[in-house]
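Peer 1: Let me begin by handing over the structure; questions about it come next.
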Amino acid sequence: MDRYSISQQYLSCGGENSARFEGSLNMDLNEITMNLVPFPNLHYLVSSLTPLYTLADVNVPSRRLDQMFSDAFSKDHQLIHSDPKHSLYLACALIVRGDVQVSDLRRNIERLKPSLPFVSWNQEGWKTGLCSVPPVGHSHSLLALANNTCVKPTFIELKDRFMKLYKKRV
Numbered sequence: 001m002d003r004y005s006i007s008q009q010y011l012s013c014g015g016e017n018s019a020r021f022e023g024s025l026n027m028d029l030n031e032i033t034m035n036l037v038p039f040p041n042l043h044y045l046v047s048s049l050t051p052l053y054t055l056a057d058v059n060v061p062s063r064r065l066d067q068m069f070s071d072a073f074s075k076d077h078q079l080i081h082s083d084p085k086h087s088l089y090l091a092c093a094l095i096v097r098g099d100v101q102v103s104d105l106r107r108n109i110e111r112l113k114p115s116l117p118f119v120s121w122n123q124e125g126w127k128t129g130l131c132s133v134p135p136v137g138h139s140h141s142l143l144a145l146a147n148n149t150c151v152k153p154t155f156i157e158l159k160d161r162f163m164k165l166y167k168k169r170v
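Using full-length UniProt numbering, the letters of the sequence shown map in sequence onto residues 1 to 170.
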């Protein structure tokens, strides 16, 4: 899948859907910021998207709803190179589109909670959004936005690469 398709799919699953489509748990971008950023300096979100393919990928079978939630927290579906399961979560937002019930959201959050390490002071740091209009070509999709410490190695790597270039005066 090319970057344009990922960006398009990412934006179509995002927070603007509450203004465009009906849903039982609508959420806007202000709510995401308020709920995912506990302190001003801890504002780096890691995003994942599932399904992570387009209609052109006809050989990919559709995912079951429970598998979609598991995929959202795997390193293969992160939109940056990271593995969030081995880092601490500060908060997490799940934005679901399609024919999904609130009970499905709650059941999957409860199922995933034991495997996702949250900070001690925010064990219930979940925000959910549900839009009943499915994305084009899929029965449902999930965008997970997580405030997770797994972003630190990415920033360290970027800093190291910058310093290497800076020392060479490239």
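Just so you know, even glycine gets a beta-carbon here, dropped at the ideal spot from N, CA and C.
(1) Decide if residue 177 is buried, meaning its Cβ has at least 16 other Cβ atoms within 10 Å, or exposed.
(2) Could you check whether residue 49 and residue 143 sit closer than 8 angstroms to each other, using their CB atoms as the reference points?
(3) Can you confirm whether the stretch 118 to 128 touches the stretch 92 to 102 when touching is taken to mean that 3 or more C-beta pairs between the two stretches lie within less than 8 angstroms?
(4) Comparing C-alpha positions only, which one of 157, 69, 150 and 66 sits nearest to residue 118?
(5) Give me whichever residues DSSP pairs with residue 118 in a beta bridge.
(6) How far does the alpha helix (DSSP H) with residue 143 in it reach, from first residue to last?
(7) Ordered along the chain, which non-local residues of its own chain (more than five positions away) have a Cβ less than 8 angstroms from that of residue 88?
(8) By a C-beta neighbour count over all protein chains shown, 10 Å radius and 16 as the cutoff for buried, is residue 105 buried or exposed?
Peer 2: Here's the rundown:
(1) Given a span of 1 to 170 for the chain in the structure shown, any question on residue 177 remains unanswerable.
(2) yes
(3) yes
(4) 150
(5) 89
(6) Looking at the DSSP string, residue 143 is not in any alpha helix (DSSP H); the run it does join, the beta strand (DSSP E), is 140 to 148.
(7) 117, 118, 119, 148 and 149
(8) buried
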